[in-house]
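As numbered in our numbering, residues 4 to 950 make up the first sequence, in order.
Just so you know, even glycine gets a beta-carbon here, dropped at the ideal spot from N, CA and C.
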Amino acid sequence: MAEYSKEEIRRIEQKWQEKWEKDGVYKVETDPSRPKYYVLDMFPYPSGAGLHVGHPLGYIASDIVARYKRLKGFNVLHPMGFDAFGLPAEQYAIQTGQHPAITTAKNIETYKRQLRQIGFSYDWSREVQTCDPQYYKWTQWIFMQLFNAWYNLSVVDNSKNSIVGKTEPIQTLIDVLEKEGNKNVKAACNEDTPVITAEQWKAFNEKEKEIFLQHYRIAYQSETMVNWCAALGTVLSNDEVKDGVSERGGYPVERIKMLQWSMRISAYAERLLNGLDTIHWPEPVKEMQRNWIGKSVGCELQFTINNSQLTIDVFTTRIDTIFGVTFMVLAPEHELVSQITTAEQKEEVEKYVEVAKNRSERERMSEVKRISGAFTGAYAINPFNGAKIPVWIADYVLAGYGTGAVMAVPSSDTRDYAFAKHFNLPIINVLEGPTSDITKDNFEPKSGSMINSDFLNGLDWKTAIEKALEKVEQLGIGQRKVNFRMRDAIFGRQRYWGEPFPVYYKDGIPKLVEEKDLPITLPEIDEYKPTESGEPPLARAKDWGYRPHPQPGTRNPEPVYPFELTTMPGWAGSSWYWFRYMDSKNNSEFVGKEAEQYWKDVDLYMGGSEHATGHLLYSRFWCKALKDLGYVQAEEPFKKLINQGHIQGMSKFVYRINGTNKFVSSNLKKDYDVTALHADVNLVDNDTLNIEAFKKWRPDFADAEFILENGKYICGSEVEKMSKSKHNVVNPDDIVSNYGADTLRLYEMFLGPLELSKPWNTNGIDGVFKFLRKFWNLFHDAQGNIIVSDAEPTRDELKILHKTLKKVEQDINNFSFNTTISEFMICVNELTSLKCNKRAVLEPLVIALSPYAPHTAEELWQKLGHAETILKASFPQYNEEYLKESSFEYPISINGRVRTKMEFALDMPKEDIEKTVLASEIISKWTEGKPPKKVIVVPGKIVNVVL
RNA sequence: GCGGAUGUGGCGUAAUUGGUAGCCGCGCCAGACUUAGGAUCUGGUGCCGCGAGGCGUGGGGGUUCGAGUCCCUCCAUCCGCACCA
Numbered sequence: 004m005a006e007y008s009k010e011e012i013r014r015i016e017q018k019w020q021e022k023w024e025k026d027g028v029y030k031v032e033t034d035p036s037r038p039k040y041y042v043l044d045m046f047p048y049p050s051g052a053g054l055h056v057g058h059p060l061g062y063i064a065s066d067i068v069a070r071y072k073r074l075k076g077f078n079v080l081h082p083m084g085f086d087a088f089g090l091p092a093e094q095y096a097i098q099t100g101q102h103p104a105i106t107t108a109k110n111i112e113t114y115k116r117q118l119r120q121i122g123f124s125y126d127w128s129r130e131v132q133t134c135d136p137q138y139y140k141w142t143q144w145i146f147m148q149l150f151n152a153w154y155n156l157s158v159v160d161n162s163k164n165s166i167v168g169k170t171e172p173i174q175t176l177i178d179v180l181e182k183e184g185n186k187n188v189k190a191a192c193n194e195d196t197p198v199i200t201a202e203q204w205k206a207f208n209e210k211e212k213e214i215f216l217q218h219y220r221i222a223y224q225s226e227t228m229v230n231w232c233a234a235l236g237t238v239l240s241n242d243e244v245k246d247g248v249s250e251r252g253g254y255p256v257e258r259i260k261m262l263q264w265s266m267r268i269s270a271y272a273e274r275l276l277n278g279l280d281t282i283h284w285p286e287p288v289k290e291m292q293r294n295w296i297g298k299s300v301g302c303e304l305q306f307t308i309n310n311s312q313l314t315i316d317v318f319t320t321r322i323d324t325i326f327g328v329t330f331m332v333l334a335p336e337h338e339l340v341s342q343i344t345t346a347e348q349k350e351e352v353e354k355y356v357e358v359a360k361n362r363s364e365r366e367r368m369s370e371v372k373r374i375s376g377a378f379t380g381a382y383a384i385n386p387f388n389g390a391k392i393p394v395w396i397a398d399y400v401l402a403g404y405g406t407g408a409v410m411a412v413p414s415s416d417t418r419d420y421a422f423a424k425h426f427n428l429p430i431i432n433v434l435e436g437p438t439s440d441i442t443k444d445n446f447e448p449k450s451g452s453m454i455n456s457d458f459l460n461g462l463d464w465k466t467a468i469e470k471a472l473e474k475v476e477q478l479g480i481g482q483r484k485v486n487f488r489m490r491d492a493i494f495g496r497q498r499y500w501g502e503p504f505p506v507y508y509k510d511g512i513p514k515l516v517e518e519k520d521l522p523i524t525l526p527e528i529d530e531y532k533p534t535e536s537g538e539p540p541l542a543r544a545k546d547w548g549y550r551p552h553p554q555p556g557t558r559n560p561e562p563v564y565p566f567e568l569t570t571m572p573g574w575a576g577s578s579w580y581w582f583r584y585m586d587s588k589n590n591s592e593f594v595g596k597e598a599e600q601y602w603k604d605v606d607l608y609m610g611g612s613e614h615a616t617g618h619l620l621y622s623r624f625w626c627k628a629l630k631d632l633g634y635v636q637a638e639e640p641f642k643k644l645i646n647q648g649h650i651q652g653m654s655k656f657v658y659r660i661n662g663t664n665k666f667v668s669s670n671l672k673k674d675y676d677v678t679a680l681h682a683d684v685n686l687v688d689n690d691t692l693n694i695e696a697f698k699k700w701r702p703d704f705a706d707a708e709f710i711l712e713n714g715k716y717i718c719g720s721e722v723e724k725m726s727k728s729k730h731n732v733v734n735p736d737d738i739v740s741n742y743g744a745d746t747l748r749l750y751e752m753f754l755g756p757l758e759l760s761k762p763w764n765t766n767g768i769d770g771v772f773k774f775l776r777k778f779w780n781l782f783h784d785a786q787g788n789i790i791v792s793d794a795e796p797t798r799d800e801l802k803i804l805h806k807t808l809k810k811v812e813q814d815i816n817n818f819s820f821n822t823t824i825s826e827f828m829i830c831v832n833e834l835t836s837l838k839c840n841k842r843a844v845l846e847p848l849v850i851a852l853s854p855y856a857p858h859t860a861e862e863l864w865q866k867l868g869h870a871e872t873i874l875k876a877s878f879p880q881y882n883e884e885y886l887k888e889s890s891f892e893y894p895i896s897i898n899g900r901v902r903t904k905m906e907f908a909l910d911m912p913k914e915d916i917e918k919t920v921l922a923s924e925i926i927s928k929w930t931e932g933k934p935p936k937k938v939i940v941v942p943g944k945i946v947n948v949v950l
């Protein structure tokens, strides 16, 4: 007996999972004789809650592609691993004292067990975990390369004929400094980099040299603004701060400057932008990255302060509106503020700066409508017309963007306009046209022609910008400038559970450890909290320091120096992991040359869109840096990206009558005063509460009473995030034990388009389960014996087969998995009604279905008499020959409304079709004998009679 | 405020280039079988109407012989964001 029963499914799935693992069928090696295909899922963070039903959505889709590509003859790399450093484990460690490595390892075990039983084709022998010293050894190594690198902008990309620059070893910069100083160096560097001569360079001591080089290094230290929470002794991210206090605990948060490691991602801005045009990513993700990079082309120019030597630099994209400048605004943090403020305004300005300083950017953003500012008392001179304009400070101008100062043109910028209105400042119109009036709803800032603008009058904005730019350069008061809004990325955390830096301090100078000393492993500490004095947790480590190897020729051992105490941020380990999978066991390189040459980049990357500007940008950055330094060949790491949607939870509610332990069914609740409580979704079937299970669920419900409708208790529902606290988590384990992994896989794909977000609802799962059983039954008689015939298939059967194969192949190439399942269902329905059990039809179908339902397919494959795994089969090629039709049933419509259908040969001339249609009884009923105005015949599509 | 997306039966959804709206599945209705079950099988199922027929893809308008699909406009929901000069 072999019914497709719960027991049989469990037996089949376990049997094959064990066999696949034993035989190592998913192990993959470089094989230059075959084309490669690299399918990657985004690195999961192993949370303590385990997998819920939403997680596998993307994994199933990518696994289907991986299996399909194998059947198409590709050598497929499909690995899995864990992004295992992270705050939740650290938070848990702080609370319980349990080492984060232990909880992390436990969580990973849970994840792996859950993943295994869904039947993914991962090559687990390549698994990586970012918290494994054998892995983070190479994260540290890459950091060292980036520390030892700078970005040379004088390297021209010949293929694009543009300056994009290149990452180079820092030594090439040092060589230039030795020879001629930095006067000719074109590099991505800090704004405040001084110009020095070779002599000055040579005269620098070791510390001065290092400080100077930090202006250029890709990994460098800088003072950055952070949210410092003294009570917690740590730095908080923007979303850990709410209303100026810490979200956890509600302690005050201050914005202070702190010396931190940063990554000079801004050097790559242009390449990160251009590269987007070369990769197949969802347009919204590309757009988000473009916005994040935020390239704007404009002009930087100087305004002098009246009666002073001081000048203020401003950046503007609308130099054409220069004659409309009526005031100037500096960021409250701007360094000139204290110098230009007059005595009368001092008090007001200082008060304003004090308030503005501690307002986070997020706060400033959420209060767009609140206009605030203060007058400094100083005036600047418009270099174009000598006009004296007041200088204000306001927090709508950000210190971190451009120069931290704007020339305000209230007639063409809505924020400047609002500011001018609020403080009664003058407004000069410089553009005239139907949509050029800022006070009107249809205001379009780039419209109309220039007025009140001297030599620019009459021009459109574009021409005026060009003309004004020429003037600026001619006057020598500024230059064209491309500005990026992307800032360098902070690379560090004041935390324990992350990669230690391979950095120690000698006389306050950061120095790299030697490569042979890697990895620098995390030391054991007594508690995972910051120290009393506010130092990071690593300061608690005892006897933790670095003793450099003695220089050749010296005898005395070096003393022990202190290590860097911060750790790397969450994105360090995930910014290069796809390379490690190519060669995860390599002890001498982060990826071996041969493996890297073969696998090169990721062909399909599957993951959520929440990583659009974080992980996906950093990964592209590191990939480019590693390429420039000659370690890898890919300019872009991920050729094709797909964002799977999010599965939300469907929360279920029961309604307790206040002050009682009585629950009223959803549709009757309006007559009572009730409180809605979350009921566990696993106690609810199709909105009907399982009352007995509910009573057992929690002791306080044990003697609950119920007011029913039609004998049932109906729950209310609401879409919410899937989370433990809302009791709406559906665990894939439960689905697997009820229906099997194959049904779960099929159902997740059947739910709808992969990219769409939707609430999980198990209700429809019977449909795909029945489909699998019907498919199974095609191979079996009523007693469960396999019966497959070797008879020749009929033309109808072949048509069904090839129609299905064609659709399956088309859909998978469009990543449209839901429609594939529908097509399989149609196919099985048709074959069932034909009672087809012919090998020639069923065998190709088993192969085609195997990426979706691998266990069932493998079992049937074996029953069909194959000794070798179905993974080694070839995907059956459909034959167009069987799909040809000789006739078509035309819908016949009158004025676009279908009235009847008529069958005609596909090669029948239009005129004949028209004649036959008009002669037909049904149509003449509508035409009432009158000749139609027009008859449209589209061969193979439709006939439309226009009356 | 800016940017992105989405709106189709009771529900999840489907619909090459504009060419039969609602495939497939759930649910529901009716029937068959039966060791009475939340099993299986068969048929039906967008809405209104007895019917002929009419109405229908968030609302309104447009282009077209023909619009879910193209254009304009409005509305709703969801997601992202760093007031970017």
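1. Ignoring anything shorter than 4 residues, give me the alpha helix (DSSP H) runs that lie fully in the segment 341-429, in order along the chain.
2. In the DSSP output, what is residue 836 paired with across the bridge?
3. Excluding the 5 residues flanking residue 938 on each side, which residues of the same chain have their C-beta closer than 6 Å to its C-beta?
4. Does the distance from the CB of residue 749 to the CB of residue 771 come in under 7 Å?
5. In three-state DSSP terms, what is residue 489?
6. Could you compute how far the alpha carbon of residue 572 sits from the alpha carbon of residue 727?
7. With 16 other CB atoms within 10 Å as the buried threshold, where does residue 254 fall?
8. Run the CB neighbour count on residue 38, radius 10 Å, all protein chains shown included, and call it buried at 16 or more, exposed below.
9. For a test of the three-state rule: what should DSSP assign to residue 960, helix, strand or coil?
10. Please go through the same chain and pick out, in chain order, the residues whose beta-carbon is closer than 7 Å to the beta-carbon of residue 34, but skip the five residues on each side of it.
11. Rounded C-beta distance between residue 124 and residue 607? I'm assuming under 8 Å.
12. Exposed or buried, residue 705, counting other C-beta atoms within 10 Å across all chains shown (16 or more means buried)?
13. Which residue comes first and which comes last in the beta strand (DSSP E) that contains residue 883?
14. Are the beta-carbon atoms belonging to residue 920 and residue 946 less than 7 Å from one another?
15. So is residue 868 buried or exposed if we call it buried at 16+ other beta carbons inside 10 Å?
16. My output table needs one value for residue 658: the three-state DSSP class, helix, strand or coil.
17. Counting only the same chain and skipping the five closest in sequence on each side, list residues whose C-beta sits under 8 Å from that of residue 888.
18. Quick check on DSSP: helix, strand or coil for residue 783?
19. How many angstroms separate the CA atom of residue 701 from the CA atom of residue 686?
20. The beta strand (DSSP E) with residue 681 in it runs from where to where?
21. Can you tell me the Cβ-Cβ gap for residue 856 and residue 745, rounded? I've got them flagged as a contact below 8 Å.
22. Between residue 8 and residue 743, what straight-line distance do the alpha-carbon atoms span, to the nearest angstrom?
23. What are the uninterrupted segments assigned as alpha helix (DSSP H) that are 4 or more residues long and contained completely in the segment 519-599, given in chain order?
24. What residue range is occupied by the uninterrupted beta strand (DSSP E) comprising residue 78?
25. In terms of alpha-carbon separation, which member of 821, 842, 638 lies closest to residue 793?
26. Count the other CB atoms, across all protein chains shown, that sit within 10 Å of the CB of residue 436; report buried if there are 16 or more and exposed otherwise.
27. Between the C-alpha atoms of residue 4 and residue 786, what's the straight-line distance to the nearest angstrom?
28. Using the C-alpha atoms, what's the distance from residue 188 back to residue 556?
29. For the candidate residues 912, 62, 215, 237, whose alpha-carbon lies nearest to that of residue 569?
30. When the Cα atoms are used, what is the spatial distance from residue 736 to residue 85?
31. Helix, strand or coil for residue 938 per DSSP?
32. For residue 170 and residue 628, which I take to be in contact (beta-carbon distance under 8 Å), what is that distance rounded to the nearest angstrom?
33. How about the segment 200-218 and the segment 226-236: do they share at least three Cβ pairs that are nearer than 8 Å?
34. For the alpha helix (DSSP H) containing residue 73, name the first residue and the last one.
35. In terms of residue numbering, what span does the alpha helix (DSSP H) encompassing residue 113 cover?
On the basis of the coordinates in this document:
1. 349-360, 364-369, 417-426
2. For this step, residue 836 is matched to residue 833 along the first sequence. DSSP, once it has assigned bridges, lists no residue as partnering residue 836.
3. Within the first sequence, the letter at position 935 stands for residue 938. Once the five neighbours on either side are set aside, the close Cβ partners of residue 938 are 917, 948.
4. Position 746 of the first sequence, counted from the first residue, corresponds to residue 749. Position 768 of the first sequence, counted from the first residue, corresponds to residue 771. Yes, they are a contact pair.
5. To locate residue 489, count along the first sequence from 1; it is residue 486. Correct three-state label for residue 489: coil.
6. As a first step, residue 572 must be located in the first sequence, where it is residue number 569. As a first step, residue 727 must be located in the first sequence, where it is residue number 724. Roughly 27 Å between the two C-alpha positions.
7. Along the first sequence, read from residue 1 onward, the residue named residue 254 stands at position 251. Classification of residue 254: exposed, given that the 10 Å Cβ count is below 16.
8. Taking the first residue of the first sequence as position 1, residue 38 is located at position 35. That one is exposed.
9. Because the chain in this structure spans residues 4 to 950, residue 960 falls outside the shown range and cannot be described.
10. Locating residue 34 in the first sequence gives position 31, counting from the first residue. Excluding positions up to five away in sequence, the list reads 78.
11. Sequence index remark: in the first sequence, residue 124 carries index 121 (1-based). Sequence index remark: in the first sequence, residue 607 carries index 604 (1-based). Their Cβ separation, rounded to whole angstroms, is 14 Å, which puts residue 124 and residue 607 out of contact at 8 Å.
12. What you label residue 705 is simply residue 702 of the first sequence in a count that begins at 1. Residue burial is scored here from C-beta neighbours: residue 705 has fewer than 16 other C-beta atoms within 10 angstroms and is therefore classed as exposed.
13. The count along the first sequence starts at 1 and reaches residue 883 at position 880. No beta strand (DSSP E) contains residue 883, which DSSP labels as neither H nor E.
14. The residue given as residue 920 occupies position 917 in the first sequence. The residue given as residue 946 occupies position 943 in the first sequence. Yes, they are a contact pair.
15. In the first sequence, residue 868 corresponds to position 865, counting from 1. With fewer than 16 Cβ atoms within 10 Å of its Cβ, residue 868 is classed as exposed.
16. Residue mapping note: residue 658 aligns to position 655 of the first sequence, counting from 1. Looking at residue 658 - three-state DSSP - the assignment turns out to be strand.
17. Counting from 1 along the first sequence, the entry for residue 888 is found at position 885. Excluding residues within five positions, the ones whose Cβ falls inside 8 Å are 909.
18. As a first step, residue 783 is located in the first sequence; it is residue number 780 there, counting from the start. Three-state result, residue 783: strand.
19. Start at 1 with the first residue of the first sequence, and residue 701 comes out as number 698. Start at 1 with the first residue of the first sequence, and residue 686 comes out as number 683. Distance between the alpha carbons of residue 701 and residue 686: 12 Å.
20. As a working mapping, residue 681 is identified with position 678 in the first sequence. Segment 677-682, the beta strand (DSSP E) holding residue 681.
21. For the purposes of this step, residue 856 is identified with residue 853 of the first sequence, where counting begins at 1. For the purposes of this step, residue 745 is identified with residue 742 of the first sequence, where counting begins at 1. Sure, about 4 Å apart at Cβ, within 8 Å.
22. Taking the first sequence and counting its residues from 1, one reaches residue 8 at position 5. Taking the first sequence and counting its residues from 1, one reaches residue 743 at position 740. Each residue's alpha carbon lies about 10 Å from the other.
23. The segment 519-599 is shown to contain whole alpha helix (DSSP H) runs of 4 or more residues at 574-577, 580-584, in chain order.
24. As a position in the first sequence, residue 78 is number 75, starting the count at 1. Per DSSP, residue 78 belongs to the beta strand (DSSP E) from 78-80.
25. Against the first sequence, residue 793 aligns to sequence position 790. Ranked by Cα distance from residue 793, the first of 821, 842, 638 is 842.
26. The count along the first sequence starts at 1 and reaches residue 436 at position 433. Around the Cβ of residue 436, a 10 Å sphere holds fewer than 16 other Cβ atoms; the residue is exposed.
27. Taking the first residue of the first sequence as position 1, residue 4 is located at position 1. Taking the first residue of the first sequence as position 1, residue 786 is located at position 783. Only weak support is given to the placement of residue 4: the predicted model assigns it a pLDDT of 48, under 50, and the value that follows is read from those uncertain coordinates. Cα-Cα distance, rounded: 6 Å.
28. The residue given as residue 556 occupies position 553 in the first sequence. The residue given as residue 188 occupies position 185 in the first sequence. Straight-line Cα distance between these residues: approximately 35 Å.
29. Indexing the first sequence from 1 puts residue 569 at position 566. Comparing Cα positions, the closest option is 237.
30. Counted from its first residue, the first sequence places residue 736 at position 733. Counted from its first residue, the first sequence places residue 85 at position 82. Cα-Cα distance, rounded: 20 Å.
31. Taking the first sequence and counting its residues from 1, the one referred to as residue 938 is at position 935. Residue 938: strand per DSSP, three-state reduction.
32. Working through the first sequence from its first residue, we reach residue 170 at position 167. Working through the first sequence from its first residue, we reach residue 628 at position 625. Taking 8 Å as the upper bound for CB-CB distance, residue 170 and residue 628 are in contact here, some 5 Å apart.
33. no
34. Taking the first sequence and counting its residues from 1, the one referred to as residue 73 is at position 70. Per DSSP, residue 73 belongs to the alpha helix (DSSP H) from 59-74.
35. One-based indexing of the first sequence puts residue 113 at position 110. Residue 113 -> alpha helix (DSSP H) spans 103-119.
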